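Novice:
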Amino acid sequence: MSQPATLPLVSSLLDAPLPSSGMTWLDTARRENREAFAAGGLPDTRVEAWKYTALRALGQRRFGHVDDVAQRPAVDAPTLALPGVDGPRLVFVNGVFCADLSVLDRLPEGLTLQPLSQALRGDPEPLRFALSRHYREVGDAFARINAAYATDGVVLRVAAHAKIVAPVQLVFVGAAAETDLAWHVRNVIALGEGAELSLVEQYMAAGEQAQLATLVSDIELGEGARLQHVVLQNAAIGSSLIRRSSVRLQARAHATVHALELGGALVRHDLQADLVGDASRLDTRGIFMPHGRQHIDTQLAIRHQALHTVSSSNWRGVANDRARGVFRGAIVVAPGADGSDASLSNKNLLLSPAAEIDTKPELEIHADEVKAAHGATVGQLDERSLFYLRSRGIPQADARALLTAAFCRAVLDDLPNEVLRDHLSAMLIAQLPNT
Amino acid sequence: MLKIENLHARVEGKEILKGLSLTVNAGEVHAIMGPNGAGKSTLGHVLSGREGYEVTAGSVSYHGNDLLALEPEARAAAGVFLAFQYPVEIPGVNNTYFLRAALNAQRKRRGEKELDSMQFLKLVREKIKVMQISDELLHRAVNTGFSGGEKKRNEIFQMAVLEPQLAILDETDSGLDIDALKQVAQGVNLLRSPQRAFLMITHYQRLLDYVVPDFVHVLADGRIVESGDKSLALKLEEHGYSGIGASQPTGAAA
Ligand SMILES: Nc1ncnc2c1ncn2[C@@H]1O[C@H](COP(=O)(O)OP(=O)(O)OP(=O)(O)O)[C@@H](O)[C@H]1O
Ligand SMILES: [Mg+2]
């Protein structure tokens, strides 16, 4: 929090010219969020939400603005393909929409899918609520900078009762440029009443350059809507990736999230969910697997605010080498959310003595007849299991990989897209040490 | 095949094996009996290479090579197999997948061709008949949720598939019902051959009625204190371990 203006990161981000939209409400929101960021700077580890993720080193770095780069870096279209994912595709390279890499023809009926930059030129009114937000906490520093500078992103709407079966793919590519870049993406996603959507959100690298990316997503599920959301984060190993997703669920809506966090140098993901409608349900499953000197921080904040709401969260962390994992799962069952059911499990595996994982499940219950269970563990591979496998002839490295994959398996098990599930398992195994 | 000489080994700083010597030739079946805590399982673990067991003196040669210099997986590929007294549950690892990975890893290390899934399935079908292990167990995670007897049968099933040269069975007969005991014995007898040897650790004569050993040894306080033929087991059954092993009373069970 101290001397924000003198931090190279803060001053370099503020050097970028504030985008102008011609809409007073948006320009005002951008300006005010920029001012808040300039005044507040970065949170330090005394801010509870950033306790285990120090931004000191990042704060000393400088990042250029996308407009400073003359040419769009080359990205190979075939590398974007994901097995089992064959719906429309929206691609952003360093935060800028790429029409030629995207697949937007023949959108299924009931699906609106366009880049934010276009949506703002068309009918911006439906975006007004999301884009005029003010972030009040210093812990929201990256949301502030995002609100000030993001000019592109995804606008996705599913009409009431429309069922979008083929998964929609959102791809965010970090590509090497002449300078270290900062880029910002803002997504607004809404499912109408009874709508269904399968969504795959993917982060990938083309080149190994340091970058800072911020992404803010709002996801709204209308009554009875269903969302299958898969996140595959495999960003460049040198990049800092700060994401925040806010999900709101109306009555009987059901969202399922499967997240695989593999890449990035400094990764922070905030998943905030508000179960505001009766009998709404959120299932989150995830694996974070930092190695080398990666730092991956996942923060769930789930708020049960209506009757008979259900959340289940099952997360596994695997840290190798000198990597660090952080997991915080905060669940609040608000007054009046009677008959709710909240469960959270976070199990972690340390594959090397220098690796570290900090986990903190938090459960606050203010309602009646609530079923709740939460637990977190940190351990090592079981020596007896390892010996059992080796005594049958399986080499040590393979035995370790087999046990680690087994440790993660339960998390992907209930992903209905089998082809994608196999692909994700394979990626996970490829990331395991010595295989 | 196996020559253990004056073996001393310690666990967590505590000496467990205290000068154990034993020679096993191809084609032989040796039974090892002895009081609880004598070091029988320790011997099995030392022979199969478990970490944490420090050999402080003595030697083990296997087919003329230093067995102790090998990693556990290399010993397995060389034909050493340990049926665990307490088989380990490994959730998330499919039993069949595991066994195929094990067999192929051994074959690869020996320079043999790996089996594809069809060939492997055929082999499993043959062996499954002998062990009467249910198909359903094969599709479960390794030993996970298996009953005590099912775990032991699974060990012998693995042995049947891996076809080791030196099989160490650590109380594989404990906790088995009479039918399972017969099946385990049958599994062993089917593998008996002039090229193979068995070290059967057991507390009971019963198994030895079905698998007749060539030698019976008493392991007490970290040493072989008496050796004989199958009649020694009968004698033990009758009189227990008191008075066995020349002079010392074998109060090693503590
Ligand atoms: N990891 C260990 N740490 C400490 N002590 C151990 C360990 N493993 C074995 N021991 C000790 O070594 C001694 C021998 O154990 P071992 O398991 O070899 O006995 P055993 O002859 O197989 O007994 P049983 O008939 O009960 O199976 C025991 O006193 C046991 O407590
Ligand atoms: Mg024992």
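Protein sequences, first through last, are from chains A and B.
Per the working numbering, the very first residue in the first sequence carries number 11; after that it's consecutive.
Per the working numbering, the very first residue in the second sequence carries number -1; after that it's consecutive.
Backbone N, C-alpha and C define an ideal beta-carbon position, used for all residues, glycine too.
Only a predicted model underlies this, so the values are computations on that prediction, with no experimental measurement involved.
(1) For Lys233 (chain B), which option in B:Lys1, B:Ile2 and B:Gly32 has the closest C-alpha, if you only look at C-alpha atoms?
(2) Roughly how many angstroms lie between the CA atoms of Arg98 (chain B) and Phe118 (chain B), to the nearest whole one?
(3) Taking DSSP as the reference, what is the three-state secondary structure of Arg314 (chain A)?
(4) To the nearest whole angstrom, what separates the beta carbons of Leu207 (chain A) and Val168 (chain A), a pair I think is in contact under 8 Å?
(5) Quick check on DSSP: helix, strand or coil for His144 (chain A)?
(6) Tell me where the alpha helix (DSSP H) around Asn152 (chain B) begins and ends.
(7) State the Cα-Cα distance for the pair Leu197 (chain B) and Leu164 (chain B), rounded to the nearest angstrom.
(8) Within the 8 Å Cβ cut-off, does Phe298 (chain A) reach chain B?
(9) Starting from the N-terminal side, write out each stretch of the alpha helix (DSSP H) that is 4 residues or longer and does not extend beyond the segment 99 to 169 of chain A.
(10) Can the beta-carbon of Ala195 (chain B) be found less than 8 Å from the beta-carbon of Glu87 (chain B)?
(11) Measuring only the C-alpha atoms, how far is Pro83 (chain A) from Ala91 (chain A)?
(12) Taking only beta-carbon positions, decide if Glu288 (chain B) is within less than 8 Å of chain A.
(13) Taking 7 Å as the line, does the beta carbon of Gln181 (chain B) fall inside it for any heavy atom of ligand 2?
(14) Since Ala160 (chain A) and Val195 (chain A) should fall inside the 8 Å C-beta cutoff, what is the C-beta to C-beta distance between them, to a whole number of angstroms?
(15) Under 7 Å between beta-carbons, which chain A residues line up against Pro89 (chain B)? List them in chain order, please.
(16) Among all the DSSP beta bridges, which residues are the ones paired with Val210 (chain B)?
(17) For a quick check, are the C-beta atoms of Leu285 (chain A) and Val328 (chain A) less than 8 Å apart?
(18) In chain B, which residues lie with their C-beta within 9 Å of the C-beta of Ser395 (chain A)?
(19) Have a look at Pro18 (chain A) and Ala67 (chain A) and give me their C-alpha separation to the nearest angstrom.
(20) Please identify the residue among A:Ala205, A:Pro98 and A:Pro134 whose C-alpha is closest to the C-alpha of Glu211 (chain A).
(21) Kindly indicate the opening and closing residues of the beta strand (DSSP E) around His239 (chain A).
(22) Please report the distance separating the alpha-carbon of Arg258 (chain A) from that of Leu292 (chain A).
(23) Counting contacts by CB-CB distance shorter than 8 Å, is Leu360 (chain A) in contact with chain B?
(24) Report yes if the CB atom of Ala108 (chain B) is closer than 8 Å to the CB atom of Ala75 (chain B), and no otherwise.
(25) Given that a residue counts as buried once 16 or more other Cβ atoms are within 10 Å of its Cβ, and exposed if not, what is Ser191 (chain B)?
(26) Please tell me whether Arg278 (chain A) has its Cβ less than 8 Å away from any Cβ of chain B.
(27) Hey, does Ala103 (chain B) have any beta-carbon neighbour from chain A nearer than 8 Å?
(28) In this structure, how does DSSP classify Ala251 (chain B) when only helix, strand and coil are distinguished?
(29) Taking 7 Å as the line, does the beta carbon of Val226 (chain A) fall inside it for any heavy atom of ligand 1?
(30) Distance cutoff 8 Å, beta carbons only. Does Pro405 (chain A) sit that close to anything in chain B?
(31) From A:Ala200, A:Glu188, A:Trp193 and A:Lys173, pick the residue whose C-alpha is nearest to that of Phe182 (chain A); which is it?
Specialist: From the atom records:
(1) Position 235 of the second sequence, counting from 1, holds the residue named residue 233 (chain B). Out of B:Lys1, B:Ile2 and B:Gly32, B:Gly32 has the C-alpha closest to the C-alpha of Lys233 (chain B).
(2) Mapped onto the second sequence, residue 98 (chain B) falls at position 100. Mapped onto the second sequence, residue 118 (chain B) falls at position 120. Each residue's Cα considered, the two are about 7 Å apart.
(3) The residue you call residue 314 (chain A) lines up with position 304 of the first sequence. Looking at the sequence itself, residue 314 (chain A) is His, so the reference to Arg does not match. Three-state DSSP puts His314 (chain A) in a strand.
(4) As a working note, residue 207 (chain A) is residue 197 in the first sequence. As a working note, residue 168 (chain A) is residue 158 in the first sequence. Confirmed, Cβ separation roughly 5 Å.
(5) Mapped onto the first sequence, residue 144 (chain A) falls at position 134. In this structure, His144 (chain A) counts as coil in the three-state DSSP scheme.
(6) Within the second sequence, the letter at position 154 stands for residue 152 (chain B). Counting along the chain, the alpha helix (DSSP H) containing Asn152 (chain B) begins and ends at Gly146 to Leu160.
(7) Working through the second sequence from its first residue, we reach residue 197 (chain B) at position 199. Working through the second sequence from its first residue, we reach residue 164 (chain B) at position 166. Distance between the alpha carbons of Leu197 (chain B) and Leu164 (chain B) is about 8 Å.
(8) For the purposes of this step, residue 298 (chain A) is taken as residue 288 along the first sequence, with counting starting at 1. Phe298 (chain A) does not count as touching chain B.
(9) 126 to 131, 138 to 141 and 151 to 159
(10) Within the second sequence, residue 195 (chain B) is the residue found at index 197, counting from 1. Within the second sequence, residue 87 (chain B) is the residue found at index 89, counting from 1. No, these two residues do not count as a Cβ contact at 8 Å.
(11) Residue mapping note: residue 83 (chain A) aligns to position 73 of the first sequence, counting from 1. Residue mapping note: residue 91 (chain A) aligns to position 81 of the first sequence, counting from 1. Whole-angstrom Cα-Cα distance: 18 Å.
(12) No information on residue 288 (chain B) is available, as it lies outside the stretch -1 to 252 that chain B covers here.
(13) What you label residue 181 (chain B) is simply residue 183 of the second sequence in a count that begins at 1. False, no ligand heavy atom lies under 7 Å from that Cβ.
(14) In the first sequence, the residue the question calls residue 160 (chain A) occupies position 150. In the first sequence, the residue the question calls residue 195 (chain A) occupies position 185. Contact holds; Cβ gap of about 6 Å.
(15) If you number the second sequence from 1, residue 89 (chain B) lands on position 91. Neighbours of Pro89 (chain B) on chain A, chain order: Ala416.
(16) The residue you call residue 210 (chain B) lines up with position 212 of the second sequence. Answer is none; Val210 (chain B) lacks a bridge partner.
(17) On the first sequence, residue 285 (chain A) is found 275 positions in, with the first residue counted as 1. On the first sequence, residue 328 (chain A) is found 318 positions in, with the first residue counted as 1. No, the pair does not count as a contact, with Cβ atoms beyond the cut-off.
(18) For the purposes of this step, residue 395 (chain A) is taken as residue 385 along the first sequence, with counting starting at 1. The answer, in chain order, is Val86, Glu87, Ile88, Val91 and Val140.
(19) Translated into positions along the first sequence, residue 18 (chain A) becomes position 8. Translated into positions along the first sequence, residue 67 (chain A) becomes position 57. Computed Cα separation, rounded: 10 Å.
(20) Sequence index remark: in the first sequence, residue 211 (chain A) carries index 201 (1-based). Residue A:Pro98 is the option with its Cα nearest to Glu211 (chain A).
(21) As a first step, residue 239 (chain A) is located in the first sequence; it is residue number 229 there, counting from the start. Counting along the chain, the beta strand (DSSP E) containing His239 (chain A) begins and ends at Arg236 to Asn244.
(22) Within the first sequence, numbered from 1, the residue matching residue 258 (chain A) stands at position 248. Within the first sequence, numbered from 1, the residue matching residue 292 (chain A) stands at position 282. When rounded, the distance between both Cα atoms is 10 Å.
(23) Here the question's residue 360 (chain A) lines up with position 350 in the first sequence. Judged by the 8 Å Cβ criterion, Leu360 (chain A) is not in contact with chain B.
(24) In the second sequence, residue 108 (chain B) corresponds to position 110, counting from 1. In the second sequence, residue 75 (chain B) corresponds to position 77, counting from 1. The amino acid at residue 108 (chain B) is misidentified as Ala; the sequence shows Arg. A contact, by the Cβ cut-off of 8 Å.
(25) The sequence position of residue 191 (chain B) within the second sequence is 193, counting from 1. The residue in question, Ser191 (chain B), is exposed, as its Cβ has fewer than 16 Cβ neighbours within 10 Å.
(26) The count along the first sequence starts at 1 and reaches residue 278 (chain A) at position 268. Answer no: the Cβ-Cβ gap between Arg278 (chain A) and chain B never drops below 8 Å.
(27) Walking along the second sequence from the start, residue 103 (chain B) turns up at place 105. Closer than 8 Å: yes.
(28) Working through the second sequence from its first residue, we reach residue 251 (chain B) at position 253. Its pLDDT being 38, under 50, Ala251 (chain B) is placed unreliably by the model, and nothing is read from it.
(29) Residue mapping note: residue 226 (chain A) aligns to position 216 of the first sequence, counting from 1. Answer for Val226 (chain A): no, Cβ out of range of ligand 1.
(30) By 1-based counting over the first sequence, the position of residue 405 (chain A) is 395. Contact with chain B is found for Pro405 (chain A), since one of that chain's Cβ atoms lies less than 8 Å from the residue's Cβ.
(31) As a first step, residue 182 (chain A) is located in the first sequence; it is residue number 172 there, counting from the start. Answer by Cα proximity: A:Trp193.
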